[in-house]
Structure formats: structure tokens, C-alpha cells
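Numbering (UniProt numbering), first residue to last: 1 to 191.
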């Protein structure tokens with residue numbers, strides 16, 4: 001039986017925007033790679049039901065940021081604290097401001113809605129929605145002009161193969177890997 005999960009405050013982690021996606025280095029030195037050039041979304045992003053939702057806000061230099069897991073109920077508090085990843089647990093119908101300019105809510109149906117104003121957040125806002133079978137990457141922008149202006153910017157650095165993978169197929173995994181909470185193919189371990 002697992003202990004109840006609680007909110008965990010995030011710390012600053014290293015971020016690298018690559019041609020094939022977004023790389024995050026945790027405080028403990030491990031890395032994860034969110035595959036695929038993020039799709040630009042203006043307005044509210046609502047995930048598909050049951051997706052794990054990770055929200056990353058970069059600093060203005062785009063080399064550091066804060067990463068929050070929304071409603072992650074698998075990863076132990078200690079692992080999140082050691083990695084620098086934060087967590088917020090929301091009940092259906094609840095809303096919370098993760099950071100200035102970034103709000104998440106649970107509208108129902110096991111979905112997560114994320115709204116952001118990157119100017120207020122003072123950085124780029126990425127949302128990663130994944131499960132055992134797929135991973136989608138998004139960047140929240142203010143309007144359609146921002147969408148076209150930002151095209152191609154997320155992958156400005158070298159690295160990555162440009163393919164959209166399932167889960168964290170590069171084997172580096174998420175903050176929960178250290179505790180065996182994700183198996184080697186990126187899926188969740190059996191409870």
C-alpha cells in the first residue's frame with residue numbers, strides 16, 4: 001500500500017531546447033527528454049483523459065526552469081524533492097496557479113486544463129502529456145501571431161533525432177525512475 005501523496009515545491013532544473021524536443025536535467029544529475037517539437041497552442045490546452053501532465057516554465061534565458069507534475073500519484077515525495085520536480089494534486093473542479101501566469105485546473109473526466117501567459121510567466125511554457133503509449137509536447141503561446149513567430153524556435157539547438165517517441169524511449173525516464181516507478185520501456189510499473 002502506498003502512502004498518500006502531497007504537493008511538493010519545485011526547485012530550478014537545467015533545461016536544453018533541442019531539435020528533437022526538450023531535455024531536462026534533474027538536480028540529482030539524471031536527465032529526461034521530452035520527444036517531439038512542441039506544438040504551439042494559443043489559449044487553454046486541455047489534455048486527453050488519463051494523461052500524466054508535466055508543466056515546464058523556463059527562465060528568460062531558456063536554460064533553466066521549474067517542472068511540475070500535475071496529479072502524479074506514483075512518485076514518492078522524496079524522489080521529487082531529490083530531483084527538483086514539484087507536484088500539485090488537484091481534485092476534480094479545482095484550480096491552482098502553479099506560477100505567476102500559469103494556471104492548471106481539473107475540469108472533469110480525468111483531464112487537465114492548462115492556461116498560461118508567457119509574458120507574465122517571464123519564460124516559455126511547455127506542457128507534456130503522456131501515458132504508457134504516447135507522449136505529446138505543447139508550448140503555450142499568447143495568440144496566433146506568437147504561434148507562427150515561434151515556429152522552429154523550440155528546436156534551435158543541435159541534438160535529438162527529430163522523431164516523436166513513445167514515453168521516454170531514450171531510457172532516461174522521469175523523476176520516478178530511481179524508485180522503479182517506471183519500467184525500462186517508459187511505462188508505469190505494476191503496483
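Cβ coordinates follow ideal geometry from the N, Cα and C atoms, glycine included.
>> Considering Cα atoms alone, identify which of 85, 121, 49 is closest to residue 14.
In response: 85
> Quick one: Cα of residue 113 to Cα of residue 120, how far?
Replying inline: Cα-Cα distance, rounded: 18 Å.
> So, using beta-carbon positions, are residue 106 and residue 7 closer together than 9 Å?
Replying inline: No, Cβ-Cβ distance for residue 106 and residue 7 is not below 9 Å.
>> Quick check: what's the CA-CA separation for residue 24 versus residue 33?
In response: 6 Å
> Based on Cα-Cα distance, which residue from 143, 141, 135 lies nearest to residue 35?
Replying inline: 135
> Between residue 12 and residue 5, what straight-line distance do the alpha-carbon atoms span, to the nearest angstrom?
Replying inline: 21 Å
> Can you tell me where the alpha helix (DSSP H) with residue 118 in it begins and where it stops?
Replying inline: 118 to 121
>> So, for residue 94: in the same chain, excluding its five sequence neighbours on each side, which residues have a beta-carbon less than 7 Å away from its beta-carbon?
In response: 105, 106
>> Which of the three DSSP states is assigned to residue 192 in this structure?
In response: This structure cannot settle anything about residue 192, because the visible part of the chain is limited to 1 through 191.
> If we count the other Cβ atoms within 10 Å of its Cβ and call it buried at 16 or more, is residue 264 buried or exposed?
Replying inline: In the structure displayed, the chain extends from 1 to 191; residue 264 sits before or after that span and is not available.
> Taking all protein chains shown into account, do 16 or more other C-beta atoms lie within 10 angstroms of the C-beta of residue 75, making it buried, or fewer, making it exposed?
Replying inline: That one is buried.
> What is the rounded straight-line gap between the Cα of residue 48 and the Cα of residue 28?
Replying inline: Approximately 31 Å, taken between the alpha carbons.
> How long is the line joining the alpha carbons of residue 62 and residue 17, rounded to whole angstroms?
Replying inline: Cα-Cα distance, rounded: 8 Å.
> Excluding sequence positions up to five away, which residues of its chain have a Cβ less than 6 Å from the Cβ of residue 52?
Replying inline: 130
>> Assuming the contact rule is C-beta atoms closer than 8 Å, residue 262 and residue 116 should be a hit. Round their C-beta distance to whole Å, please.
In response: The shown model of the chain, from 1 to 191, leaves out residue 262, and the question about it has no answer.
>> Need the endpoints of the alpha helix (DSSP H) that residue 80 sits in, please.
In response: Counting along the chain, the alpha helix (DSSP H) containing residue 80 begins and ends at 77 to 83.
> Where does residue 70 sit, in a helix, a strand or coil, going by DSSP?
Replying inline: strand
>> If you reduce the DSSP assignment to three classes, tell me which class residue 26 lands in.
In response: In this structure, DSSP gives residue 26 a state outside helix and strand, which the three-state scheme calls coil.
> Rounded to whole angstroms, how far is the Cβ of residue 124 from the Cβ of residue 46, which I believe are closer than 8 Å?
Replying inline: Actually they are not in contact, since the Cβ atoms of residue 124 and residue 46 sit about 20 Å apart, beyond 8 Å.
> Which residues bound the beta strand (DSSP E) around residue 37?
Replying inline: Per DSSP, residue 37 belongs to no beta strand (DSSP E) and is neither H nor E.
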